[in-house]
């Protein structure tokens with residue numbers, strides 16, 4: 003079972019419930035049995051790109067809805083597995099860089115010096 007499949011299944015279940023649909027109703031709209039929807043939701047079966055597209059249409063959501071928050075889910079999965087995550091791929095890093103460059107030159111230099119000093123304190 004893959005973290006991406008789990009994430010997609012959770013998003014599918016959330017959207018289905020938000021619209022007040024049963025698994026049977028969603029299955030009927032997609033031309034599959036309700037057991038297939040169950041399997042998608044618990045990640046026992048993978049959704050093909052075509053099926054994901056169809057589900058998005060039925061659930062009146064963009065395909066991108068199913069992938070929202072995925073990088074965070076992947077990060078948690080990697081951390082749970084004890085893997086090192088790429089600090090430059092984190093959303094937090096991008097936010098910090100944007101905020102840093104929104105500052106004027108002098109405050110940027112002061113912030114950089116503060117960060118360096120804090121790093122020395124934690125290391126020493």
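In our numbering, the protein residues as written are 3 to 126.
Ideal Cβ placement from N, Cα and C applies to all residues, glycine included.
From a predicted model like this one, the values you see are computed outputs, not experimental measurements.
Straight-line Cα distance separating residue j from residue i
i	j	result
residue 102	residue 63	35 Å
residue 17	residue 92	26 Å
residue 114	residue 95	14 Å
residue 59	residue 107	48 Å
residue 45	residue 20	19 Å
residue 23	residue 4	26 Å
residue 26	residue 47	17 Å
residue 117	residue 69	34 Å
residue 51	residue 57	10 Å
residue 119	residue 97	21 Å
residue 32	residue 15	15 Å
residue 99	residue 74	18 Å
residue 35	residue 7	19 Å
residue 124	residue 111	20 Å
residue 109	residue 49	49 Å
residue 37	residue 122	57 Å
For residue j and residue i, believed in contact at Cβ under 8 Å, the rounded distance
i	j	result
residue 54	residue 65	6 Å
Environment of residue i [buried if 16+ CB atoms lie within 10 Å]
i	result
residue 61	buried
residue 29	buried
Inset, instruction - Would you be able to state if there are at least three C-beta pairs under 8 Å between the region 38-46 and the region 10-20? - result: Flag = yes, the region 10-20 and the region 38-46 touch.
Inset, instruction - For the region 34-120, list the beta strand (DSSP E) runs that are entirely contained and at least 3 residues long, ordered along the chain. - result: Entirely contained in the region 34-120, not one beta strand (DSSP E) run reaches 3 residues.
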